[in-house]
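Just below is one structure, and these are the notes that go with it.
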Amino acid sequence: MVSNLSWLLIGLLAGSVETSRPVTPIAVVRRAESVEIESHGATVPPSTGRLLGAGERLVTQREGYVELYLPSVGTVLLFGGSRMQLLDPAVNEDWGRLERGRMWITRPAKPATETTPVNWRVGPDQVRLPPGVKVSLEVGSHSDRKVVVSIGQVTVRAGTRTPIDVDLGHVATWRSDRNAWVKMAGDLGRARLGEREQLRRQGDVLAARRSLVEWLDQVPFGTQDRAGMRPIHWGTSDVMGAIGGPAGSVLEEALRPPPFFETEVPAKGPNVEVEVGFEP
Amino acid sequence: VILGPIAVLLVQVSAPGSEPHRLDACKDEPVVTATASDDAMARGLVASAVGYEELRRGSLEASVRCLTLAVRLLPDVSIVRRDLAIAFFQQGQLAEALTQIDQARKLGETDLSLDTLEILVLGRLGRWQEALAKAEGSQTPMAQRLGAVLGGEISADGLKRKVRESGHDAYLDALALSAYAARQGQGAVALLLIDGLDSPDISLTPTERASVRRFRARIDDKARDWVPHFRLQSTVDAVSNPLYQSSTNTPLQNTLRLAFAGEGYLAYRVGEVTLSASARFDQQLVLVDRASFQQGEIGAFSVSGGLEVPFGVYPAVLFVGLSVRYTDVFGDLYRVHVGQVVEGGPFIRMRMAAGWNLRLSVLGTAFDFSDFEPSSEQVRATQRDRVGQRVGLSLLYGDRFIDAAIDGLFLNDIADGQAFDAIGGGVAARVDLQATTRIRVGGGFSVMGRQYGPVGEQSVIGSAATRAELRAFVEAHIRYRMYGGMDVLLEDRWIQNTALVGHRYAANVVSLGVVNQW
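These protein sequence lines map, in sequence, to chains D and G. Under our numbering, the first residue of the first sequence carries the number 1, and numbering increases by one thereafter. Under our numbering, the first residue of the second sequence carries the number 281, and numbering increases by one thereafter.
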């Protein structure tokens, strides 16, 4: 009882005025834009610091964005036009379900609360997330699903199909109405889209842009021109080496003993004298 | 049980979202509940989220307060430590920021902004080389921009690829690449990249716009398209076999000589195209037994010219160029004309990775020997004048500390005399290392095999018509920086040409002197 009231107090201190609170919060809202929480039949706009529990659903509008932190999972981003629900991990080891749209999960190599395993539902299907992974999950409008891995390896289980491992830079797509996987490699650019969007949404919280411009004042000019005294022409004497540089090479070739002395050079031809006589 | 609802009421009375309301979550009060650890977790999460929000709003003091509390309540949450590191950095508490970055990494944080943050902190601390090394290993656009500003080749390449992928924040990319170009001495490119960046259409703050204008003025003022270098070298050489005589016919002869060399190098950049020229002179004075060795007392000059054109988006990966060198050599204080050589041709250079280059050269060469040669009227098999072809492949590496190369060379010579017709090839390697701030050490070797001939009629005399020779060259040096650009040089160069008895020779020189470079 005391604990529940404390949760209530903490949630309210953080800005929420909702009175119907989850019993066991599993996530906190770090940032929210154009997003609503469906909780116990009511719809409320979340604010920074709002605690979320199992059963609560987040719905982002077209330009919406929400960043959550789950101590057992890591950072979870939900992008525009998406819907997800937090689940009770005690039931199926599932921490949430992406119902529509696109999300991004970063699981630190050492999560704050070590809970193994951690699963996330993609529609009805399941993605297992070991520590140290970065993964993008998508549920399309035609029951097509996609997992893109930018760090680590995840395992996907879907229906009666054999589970597959999806590695770094790989994309796995499947549809609920077809019994086949499509797994492709080499889409790291797409895999990192989520990360880039996070950085963009985060804005210049590091004030890096200011530093970048400030550093211009300290840029030296042309001091790192490594061409320096390196020869313009890299030729035979530079490769073979010589005493006294290119000139020394010429002197060596002019004075060195020849491979054959003149006396060692045979005359051309068979060197056979043939006497020819003519009959009258 | 009673205090909770009262607090709720109090909170609800205050305006939601107002400062006191939000920051109440960061009050450092003891947690006294039946499930203290759960409550600590919850309070820590809320404090961390509020601290992050305050950080984004620029309320640094409040942010540090909230995040410090959050770190205490959630010591194992890496992202909270990252946020606190950012707040400390913004407040100028750089040592504390580095500590939190380190802790976040130890806790497994992989957020990309952590790299950028560390680069910024190291830069603010003046630890530029560490900042550059960190930037060169990072993938985020901002880290790559910072790396390019610091002169990082990998960062500049990564930035170039991102510029091509999207146009997002393209003006920051252009600014960073401009700084990179300025560092490389490419003033014209640097100006081109920031052309129009200070116009009102670009969304820069007044401070940023002023910085860009200041940078442009500095480029106008200081960046030079002319890059001159000069080198003067003076050594005393202890020489064995200065006339390259056969070591089997003549006992090895030694002498001492003074050797002077001067070299000037000039590069002129037209946009990204580099035109370069150099001139070199050598003069030797034999000090011991001059009468015996004066013919080999080199007096020489050589001139080189070249151009290199990049292909592709700046900074380019592929370069095509042309270079040529002419060398004219005399002996005995210009009383003897030894000969002259012209060598030149096209090359392709490819930047493979940071510091790594692969270069393919195709060269034509012509040797014209003078006073040591038989007259042109005499038909002799040992006449040395020749033309030839060379194909060279070089793998080059260079950074602040190491300059290294591995070369492979194929050669073919057609001489006036059959004895000097040759076909062969060889390999070479060399390295020059900055061992300490004052000492550079280096060395190298080459091994070259050549088959000379055929002389006479090969179909009649068979393998006796050709002779193979193996020439080895080894060099080692050490330079000690005295002051400014002046070094003391100690160097050894050794040649061993392995051939039939009577044809083999060896030579060696140990040099001690000074080198001055501008």
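Backbone N, C-alpha and C define an ideal beta-carbon position, used for all residues, glycine too.
| query | result |
| --- | --- |
| Euclidean distance between Cα positions of Arg196 of chain D and Val401 of chain G | 22 Å |
| is_contact[Gln202 of chain D, chain G] using C-beta, thresh 8 Å | yes |
| Beta carbon proximity, Phe652 of chain G to chain D, threshold 8 Å | yes |
| Length of the line joining the Cα atoms of Leu349 of chain G and Cys306 of chain G | 7 Å |
| Selection from G:Asp449, G:Gln371, G:Ala461 and G:Ala454 that minimises the alpha carbon distance to Arg200 of chain D | G:Asp449 |
| Arg107 of chain D and Val118 of chain D closer than 8 Å at C-beta | yes |
| Opening and closing residue of the beta strand (DSSP E) in which Trp506 of chain G lies | Trp506 to Ser520 |
| Beta-ladder partner(s) of Leu640 of chain G, from DSSP | G:Ile628 and G:Leu673 |
| Reference Trp181 of chain D, options D:Gly194, D:Phe261, D:Gly235 and D:Val166, closest by Cα | D:Val166 |
| Beta-carbon proximity list for Thr662 of chain G, same chain, < 8 Å, skipping 5 on both sides | Pro654, Gly697, Ala699 and Phe700 |
| Reference Tyr677 of chain G, options G:Phe649, G:Ala715 and G:Leu638, closest by Cα | G:Leu638 |
| Within 7 Å of chain G by C-beta, residues of the stretch 90-124 of chain D in sequence order | Thr106, Pro108, Ala109, Lys110 and Ala112 |
| Through-space distance from Leu472 of chain G to Glu543 of chain G, alpha-carbon basis | 32 Å |
| Reduced DSSP secondary structure (H/G/I, E/B, other) of Lys110 of chain D | coil |
| Buried versus exposed, by CB contacts within 10 Å (16 or more), Arg97 of chain D | buried |
| Top-ranked residue by Cα proximity to Met630 of chain G, from G:Ser514, G:Ile366, G:Ser674 and G:Leu643 | G:Ser674 |
| Own chain partners of Arg345 of chain G with C-beta closer than 7 Å, once the 5 adjacent residues on each side are dropped | Cys306 |
| Interface partners of Tyr524 of chain G on chain C, CB under 7 Å | Absent from the structure: chain C. Protein chains present are D and G. |
| Exposure label - Ala314 of chain G; buried when at least 16 CB within 10 Å | Its pLDDT being 43, under 50, Ala314 of chain G is placed unreliably in this model, and the coordinates cannot settle the point. |
| Any alpha helix (DSSP H) of 4 or more consecutive residues that is wholly inside the stretch 706-757 of chain G | 738-741 |
| Beta-carbon spacing of Ser526 of chain G, Pro257 of chain D below 8 Å | yes |
| Cβ separation of Gly388 of chain G and Ser358 of chain G, assumed to be a contact under 8 Å, to the nearest whole Å | 6 Å |
| Cα-Cα separation between Val148 of chain D and Gly169 of chain D, rounded to whole angstroms | 7 Å |
| Sub-8 Å separation of Gly465 of chain G and Val429 of chain G beta-carbons | no |
| Inter-stretch contact (C-beta, 8 Å, three-pair minimum) for the stretch 741-758 of chain G and the stretch 723-733 of chain G | yes |
| CA nearest to the CA of Ser72 of chain D, picked from D:Asn92, D:Ile26, D:Arg57 and D:Gln61 | D:Ile26 |
| Among G:Leu536, G:Asp608, G:Tyr332 and G:Arg337, nearest to Arg361 of chain G - alpha-carbon criterion | G:Tyr332 |
| Backbone CA spacing between Asp687 of chain G and Val66 of chain D [nearest angstrom] | 57 Å |
| Endpoints, beta strand (DSSP E) assigned at Trp181 of chain D | Trp181 to Met184 |
| Same chain only: Cβ atoms within 6 Å of Val59 of chain D, ignoring 5 sequence neighbours per side | Glu36 and Arg83 |
| Proximity of Leu335 of chain G and Ser328 of chain G at Cβ, strictly below 8 Å | no |
| Supposed close pair Pro46 of chain D, Val29 of chain D - CB separation, criterion 8 Å | 5 Å |
| Start-to-end residues for the beta strand (DSSP E) that takes in Arg560 of chain G | Val553 to Val566 |
| Residue-level contact to chain G via CB, Ala208 of chain D, 8 Å cutoff | yes |
| Chain-order list of residues whose beta-carbon lies under 7 Å from that of Ala112 of chain D (same chain, five-residue window excluded) | Pro71 |
| CA-to-CA distance, Arg50 of chain D to Met1 of chain D, given in whole angstroms | With a pLDDT of 40 at Met1 of chain D, under the threshold of 50, the modelled position of that residue is not reliable, and the figure given next carries that caveat. In a straight line, the C-alpha of Met1 of chain D is about 20 Å away from that of Arg50 of chain D. |
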